[in-house]
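Q: Would you mind keeping the following structure in view while I ask a few things?
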Amino acid sequence: TAPVVHAPTPTDEPLGIPALLIASFPLDTSRRHPAPGPLTDFLTARAAEAYAELLADWRPVTTGAVDLVPGPLGKGVLDGAIRAAILELLPRVAFLLPAAPSEELTALRPFEAEVVEGAGADTVRVLAEVLPTLLPAGLERRAELRALGVARLPLGDAIDRLAGVERTPEWWGRLYETLAGVDPDRLTGLPVPLAGGRTATGPRHVLLPLADTPADLGRLGLKVAHPDAAHPVLEKLGALPATPRAVLTTPQVRAAVAASLDAEDVWDEDGTGTPGAEELADIVLALVRDAGLEPGDEPWLGALALPDEDGELAPAAELVLPGSDFAAVMRVGEAPLCDAELAERWGEGPLAACGVLAGFALVRAADVVLDPDELEPRESDFPEPDDAGLLDSVDVWCEDVLDRLPESPVPPVATEITAVRDLELVDDDAWPRALALLARPPLRDALTQPLRVLLPDGTTETVRSYTAWWLRGHPVLDGRRPAGLRAAGADPLLEGLYDAADTTGFTDTEVLRALGVRTSAAALLEEPGGAAELLSRLADPDRPVTAAQLHALYTLLADLDPEQVTLPDELRAVVDGEVRVVAAADALVADAPDLLPLAAGLPLLPVAPGRAADLADLLQVGRLAEEIAVDAPAGGEEHPVPDAVRRLLGHTVPAAYVEHEELLVGGAELDWRRTADGTVHAATLEGVAAGLAWSAGQWPRRFEVAALLEDPSRTDELERDRWFD
């Protein structure tokens, strides 16, 4: 049938609604179109009512009914009027299929229906179980619904309507399953059923239970999702898996720990009764154990109330673990011990992670202003790991550091302090064991690594660490202060200059050096001020030194930069074979062995021949060769140096020497003398050997030269022996 009005026979009046309309419309004179007038208006209204009744009675109710809703634009005047009348009636006609139809609700009227925007079919289907006015998904863009005035409901608003809705956790789990992939900003108010029967608004700060999550976390005020509602989508929305670490770091647990000394103040959000101190300690220690925390990972745990040896509650950070390394070195009564039964039940790991002292604790602080008046302990419920004010006598150390730095109007800044605290608690007799503990990483760096200080002008200086400073100033080694002691059995060059200390079993030389214990002369001279210290001790007449010792020490000193050495007023020298303290201005560097017979009464500084000039320059003293000026000996007979001697000493040996019957120089009889022009004069075979060896720069070969001069047949024998030099 053509889509036209039948009145009752077909007319030329177009009809766009999906129905056949037969009515006794009055026609105009052409008999092809209805005539306007009251009767036409009446029939138009009746036609609209009939169409509305048709939709209301349509069965089964399906989403296809939307297709029967006419648009507002008609094909003609009558078609437009009928459409307008229908659209005026349909909003109150129940013909739309609900998203979740039931026996009580088979169809919705458009004025009460809602279409959810931004939700999938599964989401709408689940939401419709609590929001019955929802239409199925997929109709959001239908113009017919707009024409009927169907309300549009953003998904976020639909979620907000769920507040206060009581449903089983399984239902919420089904809803969460449908929300995967939805923009999280739309779901901020999504309710989450909790294990204790409550409901949280929004997934943030909600914990998702794991297989081993304790069941009583709700007593700490924690929001733990019901296991049946836990879903991965909640994690994407801000919920956290209830790992031990995540549980520990919640504000509720931190608040409970902070208030654990006063159990009545612990947060009791769910009204089930907060755990007592003992129960709280067990919960926290179990979480710490399962999280695998190390000491210092969560410093605030130091406020956790734990029973001490007398059963009294005390912050964990104020207790010492019985049987631990720290308990073994601590003075009795300096700090209370943790309850023995608690220590046995939980062991060192969890308790130490909560701040119970099992070993020495470190303070690590960055950018510390070195102002003694500001280095005070912070007011806190637990010792903060970056609080330099916790260190014993830290203000005195700071003043000592400032004394060693250039004066400035602005305090310098320590870029990074790493220091051991609680050193003052160690028993005097326990220092051998305590030092062994301090020599192990990570404590070792706090002792051996110097401190870098940033000065106001942007330059940096290096100073002694706090830990080394403190230990140097206390009787921690053999009952004495370590600074200025010598490790017994160490470098013999320092014997007599430093008092020996028993360091048996303590072989870490770097740690000993940090303590101020002298282990070798070379290490001493590497330290700032080491040369001045050595020269000062050499100038102490009460400290015995041998000539051989003095020779080796001056040879080491000669390698130093003169700018690094403060000139001493007195020096240790050899006078006529006796080691004495003399005025530095009188001392001479012994640089000419041929002149020693002329040096009676002169204070000589023994040194390796190659370092004589350097030592004289370093100490600003004269040299023996310059002090004793004698003329070249007269007379004598020149002899060529034997080939065997030349092969022994090499090309630097003179071509000849001058032999004398008697060699008198400066009123003294000499065995040999080497003049300024390099000529060797000698009166004895030993003198020839010494002079040639000295001239060739091979003084230790003088005895071989003498053997060759005395018996040239030994040439091959001595050459063979030199294979093993």
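In terms of the numbering used here, the sequence shown is residues 47 to 771.
For glycine and all other residues, C-beta sits at the position ideal for the given N, C-alpha and C.
Measuring straight from C-alpha to C-alpha, what distance separates G120 and G202?
A: Here residue 120 refers to the residue found at position 74 when the sequence shown is read from its first residue. Here residue 202 refers to the residue found at position 156 when the sequence shown is read from its first residue. If I take the Cα positions, the gap works out to 37 Å.
Q: What does DSSP give as the partner residues of H727 in its beta bridges?
A: For the purposes of this step, residue 727 is identified with residue 681 of the sequence shown, where counting begins at 1. Looking at the DSSP output, H727 sits in a beta bridge with V704, R719.
Q: In this structure, how does DSSP classify V522 when only helix, strand and coil are distinguished?
A: Taking the first residue of the sequence shown as 1, we reach residue 522 at position 476. Coil, per DSSP.
Q: Smallest Cα separation from R559: which of T494, A728, A302, G62?
A: Taking the sequence shown and counting its residues from 1, the one referred to as residue 559 is at position 513. That would be T494, whose Cα lies nearest to the Cα of R559.
Q: How far does the alpha helix (DSSP H) with H775 in it reach, from first residue to last?
A: Since the first residue shown for the chain is 47 and the last is 771, residue 775 is missing from the structure and cannot be characterised.
Q: Is it true that the CB of P429 sits closer than 8 Å to the CB of E363?
A: Within the sequence shown, residue 363 is the residue found at index 317, counting from 1. Within the sequence shown, residue 429 is the residue found at index 383, counting from 1. The question names Glu, yet the displayed sequence has Ala at residue 363. In this structure, P429 lies closer than 8 Å to A363 by Cβ.
Q: Taking the alpha-carbon positions, what's the P452 to A645 distance?
A: As a position in the sequence shown, residue 452 is number 406, starting the count at 1. As a position in the sequence shown, residue 645 is number 599, starting the count at 1. Distance between the alpha carbons of P452 and A645 is about 46 Å.
Q: Drop a sphere of 10 angstroms on the beta-carbon of E310, count the other beta-carbons inside from all chains shown, and report buried for 16 or more, exposed for fewer.
A: Mapped onto the sequence shown, residue 310 falls at position 264. Model confidence at E310 stands at a pLDDT of 48, short of 50, so the residue's coordinates are unreliable; what they give is reported in the following sentence. Under this definition E310 is an exposed residue.
Q: Which whole-angstrom value describes the C-beta separation of R518 and G562, a residue pair presumed to lie in contact below a C-beta threshold of 8 Å?
A: If you number the sequence shown from 1, residue 518 lands on position 472. If you number the sequence shown from 1, residue 562 lands on position 516. That belief holds up - the Cβ atoms of R518 and G562 are roughly 5 Å apart, short of 8 Å.
Q: The beta strand (DSSP E) with E507 in it runs from where to where?
A: Position 461 of the sequence shown, counting from 1, holds the residue named residue 507. Run containing E507: 506–509, per the beta strand (DSSP E) assignment.
Q: How long is the line joining the alpha carbons of A702 and V726, rounded to whole angstroms?
A: Numbered from its first residue, the sequence shown carries residue 702 at position 656. Numbered from its first residue, the sequence shown carries residue 726 at position 680. For A702 and V726, the distance between alpha carbons rounds to 8 Å.
Q: Per DSSP, what are the beta-bridge partners of H52 in this structure?
A: Stepping through the sequence shown from its first residue, residue 52 is reached at position 6. Its beta-bridge partners are P56, I68.
Q: Between which two residues does the alpha helix (DSSP H) carrying V293 extend?
A: As a working mapping, residue 293 is identified with position 247 in the sequence shown. Its alpha helix (DSSP H) spans residues 290–294.
Q: Looking only at its chain, what residues have a beta carbon closer than 8 Å to the beta carbon of A69, apart from the 5 residues adjacent to it on each side?
A: Taking the sequence shown and counting its residues from 1, the one referred to as residue 69 is at position 23. Taking C-beta separations shorter than 8 Å and ignoring five residues to either side along the sequence, the partners of A69 in its chain run V51, H52, A53, P54, L89, R92, A93, following chain order.
Q: For Q610, does the count of other Cβ atoms within 10 angstroms reach 16, so buried, or fall short, so exposed?
A: Taking the sequence shown and counting its residues from 1, one reaches residue 610 at position 564. Its Cβ having fewer than 16 others within 10 Å, Q610 is exposed.
Q: If you follow the alpha helix (DSSP H) that A460 is in, where does it begin and where does it stop?
A: Within the sequence shown, the letter at position 414 stands for residue 460. Here A460 belongs to no alpha helix (DSSP H); instead the beta strand (DSSP E) covers 459–466.
Q: What first and last residue would you give for the alpha helix (DSSP H) that runs through P215?
A: As a working mapping, residue 215 is identified with position 169 in the sequence shown. Per DSSP, P215 belongs to the alpha helix (DSSP H) from 215–224.
Q: When you compare each of T461, R467, P521, L483 to T506 by their alpha carbons, which one comes out closest?
A: For this step, residue 506 is matched to residue 460 along the sequence shown. Closest by alpha carbon: T461.
Q: In terms of DSSP beta bridges, what is T247 paired with?
A: By one-based count along the sequence shown, residue 247 stands at place 201. According to DSSP, T247 bridges with P237.
Q: Once DSSP output is grouped into helix, strand and coil, what is the label at K269?
A: Here residue 269 refers to the residue found at position 223 when the sequence shown is read from its first residue. Here K269 sits in strand by DSSP.
Q: Is it right to say W745 is buried, meaning 16 or more other beta carbons lie within 10 angstroms of its own, or is it exposed?
A: Residue numbering aside, residue 745 sits at position 699 when the sequence shown is read from its first letter. Exposed is the call here.
Q: For P418, which residues of its own chain have a beta-carbon under 7 Å away from its beta-carbon, when the five flanking residues on both sides are left out?
A: Along the sequence shown, read from residue 1 onward, the residue named residue 418 stands at position 372. So the qualifying residues of the chain are D441, C444, E445.
Q: To which residues does DSSP link D87 through a beta bridge?
A: For the purposes of this step, residue 87 is identified with residue 41 of the sequence shown, where counting begins at 1. Its beta-bridge partners do not exist; DSSP assigns none.
Q: Suppose the cutoff is 6 Å on Cβ atoms and the five residues either side in sequence are ignored; what does the same chain contact list for A536 look like?
A: As a first step, residue 536 is located in the sequence shown; it is residue number 490 there, counting from the start. Answer for A536: T565, listed in chain order.
Q: Going by other Cβ atoms of all chains shown within 10 Å of its Cβ, with 16 needed for buried, is D637 buried or exposed?
A: Position 591 of the sequence shown holds residue 637. By the 10 Å Cβ count, D637 comes out buried.
Q: Between R719, G682, E765, R720, which has its C-alpha nearest L695's C-alpha?
A: Here residue 695 refers to the residue found at position 649 of the sequence shown. Per the C-alpha coordinates, the member of R719, G682, E765, R720 positioned closest to L695 is E765.
Q: How many angstroms separate the CA atom of D427 from the CA atom of A305?
A: Residue 427 sits at position 381 when you count from the first residue of the sequence shown. Residue 305 sits at position 259 when you count from the first residue of the sequence shown. Rounded to whole angstroms, D427 to A305 spans 10 Å at the Cα level.
Q: Could you name each continuous beta strand (DSSP E) segment of 3 residues or more that falls completely within the stretch 342–406, going from the start of the chain to the end?
A: 351–353, 359–361, all fully within the stretch 342–406.
Q: Does the beta-carbon of V312 have 16 or more other beta-carbons within 10 angstroms, so that it is buried, or is it exposed?
A: Against the sequence shown, residue 312 aligns to sequence position 266. Because V312 carries a pLDDT of 47, less than 50, the predicted location of this residue cannot be relied on, and the following value inherits that uncertainty. Burial call: buried.
Q: For the alpha helix (DSSP H) holding A633, just list the boundary residues, first then last.
A: As a working note, residue 633 is residue 587 in the sequence shown. From DSSP, A633 is part of no alpha helix (DSSP H); its letter is neither H nor E.
Q: With a cut-off of 8 Å, do at least 3 Cβ pairs link the stretch 379–387 to the stretch 329–339?
A: no
Q: Which residues bound the beta strand (DSSP E) around A546?
A: Against the sequence shown, residue 546 aligns to sequence position 500. Per DSSP, A546 belongs to the beta strand (DSSP E) from 545–547.
Q: Among L143, S582, G551, D757, which one has its Cα closest to the Cα of E158?
A: Translated into positions along the sequence shown, residue 158 becomes position 112. Out of L143, S582, G551, D757, L143 has the C-alpha closest to the C-alpha of E158.
Q: Is it buried or exposed for P697, if we count other Cβ within 10 angstroms and need 16 for buried?
A: Residue numbering aside, residue 697 sits at position 651 when the sequence shown is read from its first letter. For the sequence presented, residue 697 should be read as His rather than Pro. The residue is exposed, with fewer than 16 neighbouring Cβ atoms inside 10 Å.
Q: Could you round the C-beta distance between V627 and A585 to whole angstroms and report it? I think they count as a contact, below 8 Å.
A: For the purposes of this step, residue 627 is identified with residue 581 of the sequence shown, where counting begins at 1. For the purposes of this step, residue 585 is identified with residue 539 of the sequence shown, where counting begins at 1. Right, their Cβ atoms sit about 6 Å apart.
Q: Can you check whether the CB of L61 is closer than 8 Å to the CB of P49?
A: Along the sequence shown, read from residue 1 onward, the residue named residue 49 stands at position 3. Along the sequence shown, read from residue 1 onward, the residue named residue 61 stands at position 15. Yes.
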